[in-house]
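>
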Ligand SMILES: CC(C)(COP(=O)(O)OP(=O)(O)OC[C@H]1O[C@@H](n2cnc3c(N)ncnc32)[C@H](O)[C@@H]1OP(=O)(O)O)[C@@H](O)C(=O)NCCC(=O)NCCS
């Protein structure tokens with residue numbers, strides 16, 4: 052497994068990984084998704100399997116110094132519990148330049164995030180308009 056920077060040729064596989072989780076935001080407009088993933092301050096990484104296929108994806112937003120936010124993390128169902136998610140999160144934080152990374156977590160991934168050193172706090176996701 053290799054963790055490398057996201058590039059436009061990974062887009063379709065990333066969209067499909069997200070769709071399998073029921074996440075359709077990236078599906079709606081490919082060109083906007085690409086702009087988001089290549090925007091300044093964004094760290095977008097993929098985990099590539101033996102054949103170069105995308106088995107995981109993470110993207111974070113960072114000020115480059117102190118604070119980063121994890122916007123998305125997903126590992127293909129057949130590649131879980133092998134350290135791919137941990138590798139992606141650790142690399143996203145390291146490459147962001149930030150000291151810490153915050154995130155919103157849904158219940159099924161609670162055990163994963165709790166496996167890192169962390170403090171837990173309540174959060175909100177505000178969307179003024181479509182999210
Ligand atoms: C959450 C997710 C990214 C974890 O990826 P992963 O590659 O399986 O995670 P890792 O193998 O790096 O796990 C690291 C540690 O987290 C914990 N962990 C991970 N998944 C777990 C689970 N399902 N149940 C309990 N503990 C879990 C374990 O402590 C694990 O270490 P171990 O395997 O040595 O016991 C993956 O399950 C996933 O993509 N889920 C669906 C999408 C999702 O929920 N994303 C997060 C949205 S907020």
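In my numbering, the protein residues as written are 52 to 182. Glycine included, C-beta positions come from ideal geometry on N, C-alpha and C.
Please confirm whether any heavy atom of ligand 1 lies closer than 7 angstroms to the CB of residue 157.
Flag set: Cβ of residue 157 near ligand 1.
> Between which two residues does the alpha helix (DSSP H) carrying residue 71 extend?
Its alpha helix (DSSP H) spans residues 62-71.
> Compute the Euclidean distance between the alpha carbons of residue 52 and residue 126, then round it to the nearest angstrom.
In a straight line, the C-alpha of residue 52 is about 12 angstroms away from that of residue 126.
> What did DSSP end up calling residue 139 once you bin it into helix, strand or coil?
The answer is helix: DSSP assigns residue 139 an H, G or I state.
> Quick check: residue 94 and residue 146, are their CB atoms within less than 8 angstroms of each other?
Yes. Within cutoff.
> Restricting to Cα atoms, I'd like to know which of 159, 155, 123, 70 is closest to residue 177.
Looking at the Cα atoms, 155 is the closest of the given residues.
> So, helix, strand or coil for residue 164, using DSSP?
It is helical.
> What I want to know is whether the C-beta of residue 173 ends up closer than 7 angstroms to one or more non-hydrogen atoms of ligand 1.
Answer for residue 173: no, Cβ out of range of ligand 1.
> What would DSSP say about residue 83, mapped onto helix, strand or coil?
In the structure shown, residue 83 sits in a helix (DSSP, three-state: H, G or I).
> Taking one C-beta from the stretch 126-144 and one from the stretch 81-93 each time, how about it: are there three or more such pairs within less than 8 angstroms?
Because the criterion of three Cβ pairs below 8 angstroms is not met, the stretch 126-144 and the stretch 81-93 do not touch.
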